[in-house]
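The structure appears below as structure tokens.
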Amino acid sequence: MLFRPLQRISRLFAAHFMRSNYFQKHAASQYSTDSSNVVQLTFEWLCNGARKTVPANVGDTLLEVILDNELDIDGFGACGGELACSTCHLILSDDIYNKLPNPPSEEETDLLDIAPVITDTSRLGCQVIVSDEMDGAVIKIPEFL
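Position 6 (the sequence shown) corresponds to 6 in the UniProt record's numbering; numbering is contiguous.
So, in structure tokens, the structure goes:
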């Protein structure tokens, strides 16, 4: 009797771990040649056109870049990168979006469906891993309703 509930807990834990920021960051190392590389990313607020260029470590998620650089975005990344909300919604350029090694998962797509101002190149910042190819990219921050 006890064995079946333990199997369920084990599966839930494994599913949670696979979605976790820790797993994604370390699994992402296969996509970057050197995690000590730093690129420059520009974030543009759609509400007022303001821009800020910040350093970003290759291998970090866009969520981590925004939080590490203390960009002022109310409520951004409310779930802490656990793929449980859409508050880290960002809009990428076509070029950067098409170069990403990982397409949006079904869970990410479901969360983007509830995000305001969704576009064809919308992604959740917790799911996008910074790569060398992103150097100089402009990433748009939609206005949250």
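We put the CB at the ideal spot given by N, CA and C, even for glycine.
Residue i and residue j: beta carbons closer than 9 Å?
| i | j | result |
| --- | --- | --- |
| G77 | L63 | yes |
| A115 | S86 | yes |
| residue 146 | V38 | The chain is shown from 1 up to 145; residue 146 falls before or after that span and cannot be answered. |
| T61 | I118 | no |
To the nearest angstrom, how far is the alpha carbon of residue i from that of residue j?
| i | j | result |
| --- | --- | --- |
| I73 | V54 | 15 Å |
| D113 | L90 | 13 Å |
| G81 | G136 | 24 Å |
| L71 | D132 | 21 Å |
Starting from residue i, trace the alpha helix (DSSP H) in both directions and tell me its first and last residue.
| i | result |
| --- | --- |
| T53 | Segment R51 to N57 is the beta strand (DSSP E) holding T53; no alpha helix (DSSP H) there. |
| V65 | L62 to D68 |
| E106 | E106 to L112 |
Only counting the same chain, and skipping five residues up and downstream in sequence, which positions put a Cβ closer than 6 Å to that of residue i?
| i | result |
| --- | --- |
| T42 | R51, T53 and V138 |
| K140 | E44, L46 and I91 |
Could you please give the first and the last residue of the uninterrupted beta strand (DSSP E) stretch that includes residue i?
| i | result |
| --- | --- |
| I141 | V138 to I141 |
Using a Cβ-Cβ cut-off of 8 Å (strictly less than) and excluding sequence neighbours within five positions of residue i, which residues of its own chain qualify?
| i | result |
| --- | --- |
| residue 182 | Because the chain here runs from 1 to 145, residue 182 falls outside it and cannot be looked at. |
Below 8 Å, is the gap between the Cβ of residue i and the nearest heavy atom of the ligand SAM?
| i | result |
| --- | --- |
| L62 | Absence of the ligand SAM from the depicted structure is noted, as is the absence of any ligand whatsoever, leaving it without description. |
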